[in-house]
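Enquirer: The sequence shown begins at 54 in this note's numbering and counts up one residue at a time. Glycine included, every Cβ here is placed at the ideal spot set by N, Cα and C.
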Amino acid sequence: AGGGMVDRVDALTRLNRQRGVGMAMISHTMSDLLSLASEQDRMKAKGFVERSGMVICGGLPAAEMPLLTSAIPFSRAEQSMLIGWQDPPAWDPHTGREAAPPGRGKFLVKVGGRPGIPVEVHLTEAERTINDTNKLWHTQSRVQSPASATEEG
54 AGGGMVDRVD
64 ALTRLNRQRG
74 VGMAMISHTM
84 SDLLSLASEQ
94 DRMKAKGFVE
104 RSGMVICGGL
114 PAAEMPLLTS
124 AIPFSRAEQS
134 MLIGWQDPPA
144 WDPHTGREAA
154 PPGRGKFLVK
164 VGGRPGIPVE
174 VHLTEAERTI
184 NDTNKLWHTQ
194 SRVQSPASAT
204 EEG
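#1: How big is the Cα-Cα spacing for methionine 58 and glycine 166?
#2: Since isoleucine 109 is in the beta strand (DSSP E), which residue starts that stretch and which ends it?
#3: Who are the Cβ neighbours of serine 84 in its own chain at under 7 angstroms, not counting the five residues just before and after it?
#4: Express the C-alpha separation of threonine 182 and leucine 189 in angstroms, rounding to a whole number.
#5: CB-CB under 7 angstroms to proline 171, same chain, minus the five flanking residues each way: which ones, in chain order?
#6: Compute the Euclidean distance between the alpha carbons of histidine 175 and alanine 124, then round it to the nearest angstrom.
#7: What are the boundary residues of the beta strand (DSSP E) that valine 172 is part of?
#8: Quick check on DSSP: helix, strand or coil for arginine 150?
#9: Got a sec: does the ligand ATP put a non-hydrogen atom nearer than 7 angstroms to the Cβ of histidine 191?
#10: Mapping DSSP to helix, strand and coil, what is valine 74?
#11: Under the three-state reduction of DSSP, which class applies to leucine 120: helix, strand or coil?
#12: Would you mind stating whether glycine 156 and glycine 111 have Cβ atoms separated by less than 8 angstroms?
#13: According to the neighbour-count rule (16 or more other Cβ atoms, all chains shown, within 10 Å of its Cβ), is glutamine 132 buried or exposed?
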């Protein structure tokens with residue numbers, strides 16, 4: 054983050070109700086805060102999470118839990134759930150393919166210190182198509198192998 058950005062966001066978080074503004078702040082992990090240049094900025098950014106009315110988490114590695122729980126209380130069961138959701142997919146012997154990852158579409162909604170509410174998001178076919186970041190992996194290569202190129206010639 055550029056110099057002064059954390060202070061600007063901090064000011065907005067404290068004044069947004071008076072200005073009629075709602076904010077959604079999104080980060081991959083609490084560890085992202087460690088990339089901020091100064092300890093002062095890191096602590097202010099952690100305060101954004103601490104003051105959030107609601108936090109929504111997907112699967113996270115175990116190494117993330119100390120940072121996350123230092124800002125928001127999570128029970129051991131909630132932490133285990135989040136850690137389990139980030140596991141890689143298992144192999145499905147019936148289909149011969151990878152099963153869906155255990156955390157796909159799963160989120161834990163935390164409101165204050167209350168117990169988290171696990172939710173599962175199901176995308177429509179149109180949403181799955183739009184959000185498919187692996188499209189090129191579904192298409193066979195358009196580049197011929199050297200052997201097949203010489204056979205045609």
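Expert: So, to answer that:
#1: Within the model, the alpha-carbon separation for methionine 58 versus glycine 166 is close to 28 angstroms.
#2: Segment 107-110, the beta strand (DSSP E) holding isoleucine 109.
#3: Excluding five sequence positions before and after serine 84, the CB atoms of its chain that fall closer than 7 angstroms to its own CB belong to Glu117, Leu120, given in chain order.
#4: Rounded to the nearest whole angstrom, the CA to CA distance from leucine 189 to threonine 182 is 12 angstroms.
#5: These residues qualify, in order along the chain: Met134, Lys159, Leu161.
#6: When rounded, the distance between both Cα atoms is 29 angstroms.
#7: In this chain, the beta strand (DSSP E) harbouring valine 172 covers 170-173.
#8: DSSP, reduced to helix, strand and coil, places arginine 150 within a strand of the structure shown.
#9: As presented, the structure is devoid of all ligands, the ligand ATP included, so that no description of it is given.
#10: The answer is coil: DSSP assigns valine 74 none of H, G, I, E or B.
#11: Reduced to three states, the DSSP call for leucine 120 is helix.
#12: Against a cut-off of 8 angstroms, the Cβ pair of glycine 111 and glycine 156 comes out as a contact.
#13: It is buried - the Cβ of glutamine 132 has at least 16 other Cβ atoms within 10 Å.
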